[in-house]
Every structure is written in structure tokens, then in C-alpha cells.
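Worksheet for the structure shown next.
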Amino acid sequence: QKEVEQNSGPLSVPEGAIASLNCTYSDRGSQSFFWYRQYSGKSPELIMFIYSNGDKEDGRFTAQLNKASQYVSLLIRDSQPSDSATYLCAPSGGFGSARQLTFGSGTQLTVLP
Amino acid sequence: GAVVSQHPSRVICKSGTSVKIECRSLDFQATTMFWYRQFPKKSLMLMATSNEGSKATYEQGVEKDKFLINHASLTLSTLTVTSAHPEDSSFYICSAPPPDGQNAYNSPLHFGNGTRLTVT
Chain S
1137 QKEVEQNSGP LSVPEGAIAS LNCTYSDRGS QSFFWYRQYS GKSPELIMFI YSNGDKEDGR
1197 FTAQLNKASQ YVSLLIRDSQ PSDSATYLCA PSGGFGSARQ LTFGSGTQLT VLP
Chain R
208 GAVVSQHPSR VICKSGTSVK IECRSLDFQA TTMFWYRQFP KKSLMLMATS NEGSKATYEQ
268 GVEKDKFLIN HASLTLSTLT VTSAHPEDSS FYICSAPPPD GQNAYNSPLH FGNGTRLTVT
């Protein structure tokens, strides 16, 4: 059974701080890893994806992947109140397997002004 | 960019009635679409994969006779919740992978805006 575990939260950080969101996955066949942000009552929106070991930076966001440890994280620098949302980790399966996008339970982040 | 439109955004219906939710790919053709369900404070759970021109593939535990999926064209998939009951009240979201020829493993899904179903 494929499992995706995220730090349960809720996570609160002050404005301007770094928020660290963690995710572990059980399926070693996972190729890509997506981070989605979901505001309450809305659909998820893509923040970043990563498929190579190491770090990937995009603006205030950095995704980190360690396939050996089956671990992926998302760092949000200079956190803003508008970053307050639930963050979903979603590993993807093999080639042509977008259906194997299994979502973690999400981490609720609150950035305090 | 690829846009997925979902309609309606909200629906309230009486127990026992059926509700149809539409998911359209607006600027691309989608041979595959996915239907997710999300209960409050829970994650998205894949219900089924909609395949254009063939039967949908349902995840374990999802009743195919209750959640009818029709992918009649390359731009439209519909989910019909038949004989809805209060426990079917949930947030239903459709999605589709983009059509640009990339391998799906590194292509994000594009989500519709979701449908909030309330069954009274």
C-alpha cells in the first residue's frame, strides 16, 4: 500500500520566518514529487515539483528530495500571511502514471502577522 | 496554460436525487481525467480515472454504480452521483494531465475548481 506521510501540523510560524514542511513516502518507484497548496474550499494549486535528488529553488520556495531516505520537503522563506494554507505532498508513479498521484494528508500552515 | 473547468461549483440536493458534475478541458484534449473526493480536513482521495472512449477505472472501495463516469469526448468528463445520500456530501475535484507530450511523471495535474456537494 502506497503511503504518504506529512508532518501533521498545524504549523504556525511568524511572518518572515522559514516554514519547513516534510513528507515521507513508501513507494520507492515514485519518480516525481509535487507540492500543492490548497486554500480552504479551493482546489489545489501547484507550487513546485522535483524529480532529482537535491534542492530545487523557485523564488521563496525550495524543494528538497532524498530518494534514498524517501523524503521530500518544502521550505518557504520569508513566510507571508498569504502563505497560510494546507500544503499537500504528492509523489507520482512511473512513466505515464499520472494517476498514481497519491496525496499526503496535508500540513496546515498558519503564518502569523 | 492548460485550464480545466468544473461545473457547478456548488450544489445542494435532496437525498435520493442524482447530481451531475462536468469537467472540461478548455484549451487541450484530455484522453484521461481524474476524479477526486475530499472530505473536510482530509486529503484528496482518487475515486476513478476517466478514459475517453472506454470505461472508467475505479479505485478500490468506490462504487461504480453510484458514481457514474462518462468521458464522451476529448474535452468532457462527467461524474454523476446517483441516489445521493448525506454521506456523499463532499468536495469533488476533477483534474487532467497536460497534453504537451511530456511524460506524465514530471507533468503536474491541472485541477478544476471543485464542486461542493451538499446532500440534505
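Sequence lines, in order, name chains S and R. Residue numbers for the first sequence follow our numbering, beginning at 1137 and rising by one. Residue numbers for the second sequence follow our numbering, beginning at 208 and rising by one. Glycine is no exception: its CB is placed at the ideal position from the N, C-alpha and C atoms. Bear in mind the structure is a predicted one, so any value in this text is a computation, not a measurement.
**Request:** Specify, as a first and last residue, the run of the beta strand (DSSP E) that A1155/S falls within.
**Result:** A1155 to Y1161
**Asked** According to DSSP, is P305/R helix, strand or coil?
**Response** coil
**Request:** Have a look at K249/R and K1192/S and give me their C-alpha separation to the nearest angstrom.
**Result:** 28 Å
**Asked** Is the stretch 1211 to 1229 of chain S touching the stretch 1240 to 1249 of chain S in the sense that three or more CB pairs, one from each, lie closer than 8 Å?
**Response** yes
**Item:** Contact with chain S by N320/R, beta-carbon distance below 8 Å
**Value:** yes
**Message:** Against chain S, does P315/R count as a neighbour if the rule is that its beta carbon must be under 8 Å from one of theirs?
**Reply:** yes
**Asked** Looking only at C-alpha atoms, which of A1204/S, N1202/S and L1182/S sits nearest to D1194/S?
**Response** L1182/S
**Contact list for G1242/S against chain R, beta-carbon separation under 7 Å** = S250
**Item:** Rounded C-alpha distance that separates I1186/S from S1168/S
**Value:** 6 Å
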